[in-house]
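Chains as they are written, first to last, in this note's numbering: chain V, 209 to 501; chain Z, 4 to 346.
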């Protein structure tokens, strides 16, 4: 048997056995998502130079009027132009959503990576800290921060960022634990790579996709949470529009005029969907699927 | 055998893991062996016998509980993190799962080239520039039988298991190590691919003048590649002998049982039932007293439970840890045994 093993000649190795690469393309869905995102961002950036009514101008049209040529998305209960409010609201909402989640990603992600990779006492300390953060009542935290630091958009971002640290840290930690046990990490250590390099070059790229998918949803949650804070008078004060406070205000008129809440909610929903599709498209384009034997 | 010119010398290696409530797994218990420069030492044993743990303890991942690992006279166990790091390029390891041992997100040229870019500045090697590194990567990829042009830009999932193992070997060899520890390098592969990889390892051993520690549960594979073979059972070394001696005249009852369990690819042969192992592998949390093999040993007597056998020489180069070995100790080895040693 042993002799039989050696007798087999080493055949030519590479060309015919390697899988054929398929040309990769972006799907139509991806392009629709990209167009939507570009549109929303462009509208938010150029809101002040667009021919729109002021978002706070009451009786710009008849209250609760249906969409018309002059007011494409109709008017709210005070006769303010809905399109204008959504466009101006996008500025605050997108800023709050992305910045807060970015803060969460940087701090929570790093904490999760370190906890998951080093394990042991480091993990215990970081995980306990994250559990404390998770257990801390969100509203009390918000009230405390506003009370001490004052009411401003920056502080709202700070609160939501702080709140998104723990869930992101947990998620990143969980997937880091999985990858830290893989043999390529052992191999990297064996080759004398330093921990920082292993964390950011070997583990992070593997942990990133699932984290980003979650982060996109977290952006939506942060945008809605901003609305809730705004409703409680802890965020941007009405009448300044944000998607969140439009949904919150509109929901009180749900039985009379559902449009007021549904319209900003639909825009938010489409934006998050678009982010997801765009993310998926990019991911499959860069082909980072896991290998299989 | 215990001369000082051994390239790698493992002495009284112990690896234990706590499993809670003060109990611990005795993964490797008091194992000692030497590896001479240029030789291939096979390590065999059934799963859970601690052979992989011993291999990993040699490269200090994780560090052993006690004992020493002398590499060119330096005790790796005593080195601190940064000193140990400087030794890392000289001891490399390849793993059982070729897919898990390659980062799915990185391209082959990065996987193989990274060790060079990490070390080129520190080791003042001849691969300081990017072009030189690229040339070196191509050279090594070619050496392991991959086409550097088409392979470099691909990711591991585009390769088969055998090809992934070639990439692993290339990555280990790019730093030009002295010792290569192969932890079940062919167990996850098809038999035909196994032969290719083993031939490749032999070729690389000659080309890069490597010293191999070849860990496997497959006796046929180990016989094929090893100069000497160490047999492990439940964290202990049972027998250590030159390959042909061990396979012809096993001294430890466990070695004999292992050899008897190799299936013969001949339907005419009636499998013998004698010497076959019965019973379960005891728990390594609470290993048997005395000789650890006594619970399954056909030759076990009272003495085996009371007294732990130590490794002793029964024939030239053949050492066994057994009170009642199948080969009786002789004062002087006969000439025919001595001649087998030279192989």
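For every residue, glycine included, the Cβ atom is placed at its ideal position computed from N, Cα and C.
Just so you know, these numbers come straight off a predicted model, no measurement behind them.
query                                                                                                                                                                                       : result
Just to make sure I have the definition right: I need the residues of chain V whose C-beta is within less than 7 Å of the C-beta of residue 91 of chain Z. Which are they?                  : 398, 399, 400
Go through the stretch 78-119 of chain Z residue by residue and report every complete run of the alpha helix (DSSP H) that reaches 4 residues or more, in order.                            : 84-90
Closest to residue 204 of chain V by CA distance: which of V/270, V/310, V/276 is it?                                                                                                       : Missing from the structure shown is residue 204 of chain V; chain V here goes from 209 to 501 and no further.
When the Cα of residue 325 of chain V is compared with those of V/233, V/409, V/362, V/470, which residue comes out closest?                                                                : V/409
Considering only DSSP beta bridges, list what residue 325 of chain V is partnered with.                                                                                                     : In the DSSP output, where bridge partners are listed per residue, residue 325 of chain V has none listed.
Does the beta carbon of residue 231 of chain Z come closer than 8 Å to any beta carbon on chain V?                                                                                          : no
Mark residue 172 of chain Z as exposed unless 16 or more other C-beta atoms lie within 10 angstroms of its C-beta, in which case mark it buried.                                            : buried
Keeping to the same chain, check which residues put their C-beta closer than 7 Å to that of residue 341 of chain V; ignore five residues upstream and five downstream.                      : 373, 374
Per DSSP, residue 29 of chain Z forms a beta bridge with which residues?                                                                                                                    : Z/19
So which residues on chain V does residue 103 of chain Z lean against when the C-beta distance must stay under 8 Å?                                                                         : 390, 391, 392
Do residue 164 of chain Z and residue 107 of chain Z have their C-beta atoms within less than 8 Å of each other?                                                                            : no
Does residue 410 of chain V have its Cβ less than 8 Å from a Cβ in chain Z?                                                                                                                 : yes
Does the count of Cβ pairs from the stretch 31-38 of chain Z and the stretch 194-205 of chain Z closer than 8 Å reach three?                                                                : no
Between the stretch 169-187 of chain Z and the stretch 87-94 of chain Z, do at least 3 Cβ pairs fall closer than 8 Å?                                                                       : yes
Going by C-alpha distance, which of V/474, V/388, V/417 is nearest residue 404 of chain V?                                                                                                  : V/388
Taking a cut of 7 Å between CB atoms, which residues from the stretch 62-96 of chain Z lie near chain V?                                                                                    : 62, 64, 88, 91, 92, 95, 96
Compare the beta carbon distance of residue 285 of chain V and residue 271 of chain V with 8 Å and say whether it is the shorter of the two.                                                : yes
Alpha carbon to alpha carbon, what distance is there between residue 109 of chain Z and residue 460 of chain V?                                                                             : 52 Å
If we ignore side chains and look at the alpha-carbon of each, how far apart do residue 303 of chain Z and residue 313 of chain Z end up?                                                   : 15 Å
Is the Cβ of residue 269 of chain Z closer than 8 Å to any Cβ of chain V?                                                                                                                   : no
In chain Z, what lies closer than 9 Å to residue 414 of chain V by C-beta?                                                                                                                  : 106, 107, 108
Ignore the nearest five residues each way along the sequence and tell me which others in residue 443 of chain V's own chain have a CB closer than 6 Å to its CB.                            : 364, 434, 437
Mapping the DSSP letters down to three states, classify residue 12 of chain Z as helix, strand or coil.                                                                                     : strand
Nearest-angstrom Cα distance between residue 176 of chain Z and residue 348 of chain V?                                                                                                     : 58 Å
Is the shortest distance between the beta-carbon of residue 118 of chain Z and the beta-carbons of chain V less than 8 Å?                                                                   : yes
I'd like the span of the beta strand (DSSP E) that includes residue 44 of chain Z, first residue to last.                                                                                   : 43-47
Go ahead and pull the three-state DSSP assignment for residue 291 of chain Z.                                                                                                               : coil
Note down, one range per segment and in chain order, each alpha helix (DSSP H) of at least 4 residues found wholly within the stretch 192-225 of chain Z.                                   : 194-210
Does any residue of chain V bring its CB to less than 8 Å from the CB of residue 178 of chain Z?                                                                                            : yes
Would you check if the stretch 66-86 of chain Z and the stretch 145-159 of chain Z touch, i.e. whether three or more CB-CB distances between them fall below 8 Å?                           : no
What residue range does the beta strand (DSSP E) around residue 177 of chain Z cover?                                                                                                       : It is not in any beta strand (DSSP E) - residue 177 of chain Z carries neither H nor E in the DSSP assignment.
Just tell me which of V/472, V/464, V/429, V/264 has its CA closest to the CA of residue 306 of chain V.                                                                                    : V/429
By how many angstroms is the C-alpha of residue 84 of chain Z removed from the C-alpha of residue 119 of chain Z?                                                                           : 20 Å
Just checking my contact of residue 452 of chain V with residue 480 of chain V at CB under 8 Å: how many whole Å lie between their CB atoms?                                                : Their Cβ separation, rounded to whole angstroms, is 13 Å, which puts residue 452 of chain V and residue 480 of chain V out of contact at 8 Å.
Which whole-angstrom value describes the C-beta separation of residue 376 of chain V and residue 330 of chain V, a residue pair presumed to lie in contact below a C-beta threshold of 8 Å? : Incorrect: roughly 18 Å between the Cβ atoms, too far for contact.
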